[in-house]
Amino acid sequence: MAGKLEPLKTEAPEVVKEPEEAEEGSLAPQNEDLINRINELQQAKKKSSDELGEAQALWETLHQELDSLNGEKAHLEEVLSKKQEALRILQLHCQRKDSRAQKLHVEEQLENLMGQHKDLWEFHMLKQRLAREICALQSSKEQLLTEEKLALAKLEEVELQLSSGRARAVNDGLKAELEKFGGQGPAQIHCTPKDGACKGEVGSPAMRRGGRDGGRGCPRSLLEKASVGSRAPRRGT
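Here the sequence shown stands for residues 1 to 237, numbered as in UniProt numbering.
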């Protein structure tokens, strides 16, 4: 088939023109449709371009708002961080304050307990001291009673000694007075400070006169001296 030549088909010119005219008549509405379609597409493109511009403007606006929101977010995060730090510090301060208040409360309770214990201890020590003082006072009282008894006994002994000494002094004074009056015989006279009477043996006029006077056997001067001698030691004591 490669070496063979096919004969060309030729048609008459009249026959060729008729189909071309027919084609031109059929292409006219298609061109109008295409033009309309192109116009529609151009309008759609323009509309799309406008919408795209609006979308880009909106996107830029939204992007700016997003940047603003991001900045505000960063600022708020910074503020939040500061607030959280302040809150943490405040919580620590509150905890320290609470712990300090609890510590002070515990210390106050401890001081109260120590004060009560001290009061009890002081009361106990005071009770012991009072008991010792009472025992000491009782022993002192017993000692004073014993000393008082001894002093009373000694006082009675001294009074007995004084009374016996006074009696001897009176007797000696009477004897001296009798000797001065020149009494005869060894007249023995006994005078006691209690009854104030003198008893003598018969042997002197004075004694005899005393018998006649109703029991007043001692002269008046002798009785006065005896009474003075009996009163003198009392003033000395």
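The beta-carbon is built from N, C-alpha and C at its ideal position, and this holds for glycine as well.
How many Å lie between residue 87 and residue 81 at the Cα? Going from the Cα of residue 87 to the Cα of residue 81 covers about 10 Å.
Alpha carbon to alpha carbon, how far is residue 116 from residue 140? Near 35 Å, if we compare the C-alpha coordinates of residue 140 and residue 116.
Between the CA atoms of residue 110 and residue 120 - distance to the nearest angstrom: Here the alpha carbons of residue 110 and residue 120 stand approximately 15 Å from one another.
Under the three-state reduction of DSSP, which class applies to residue 68: helix, strand or coil? helix
Outcome for residue 92 when other beta-carbon atoms lying within 10 angstroms are tallied against a minimum of 16: exposed
Between the CA atoms of residue 174 and residue 165 - distance to the nearest angstrom: 14 Å
Hey, how far is the Cα of residue 114 from the Cα of residue 134? 29 Å
Quick check on the burial criterion: 16 or more other C-beta atoms within 10 angstroms. Buried or exposed for residue 41? Here residue 41 is exposed, its C-beta having fewer than 16 other C-beta atoms within 10 Å.
Neighbourhood of residue 145 by C-beta, 7 Å cutoff - its chain only, sequence neighbours within 5 removed: none
Whole angstroms are fine: how far does the CA of residue 90 sit from the CA of residue 102? 18 Å
Same chain only: Cβ atoms within 8 Å of residue 96, ignoring 5 sequence neighbours per side: none
Can you have a look at residue 178 and say buried or exposed, based on whether 16 or more other CB atoms are within 10 angstroms of its CB? buried
In whole angstroms, what is the alpha-carbon distance linking residue 163 and residue 155? 12 Å
For residue 170, count the other beta carbons within 10 Å of its own beta carbon; 16 or more makes it buried, fewer makes it exposed. Which is it? buried
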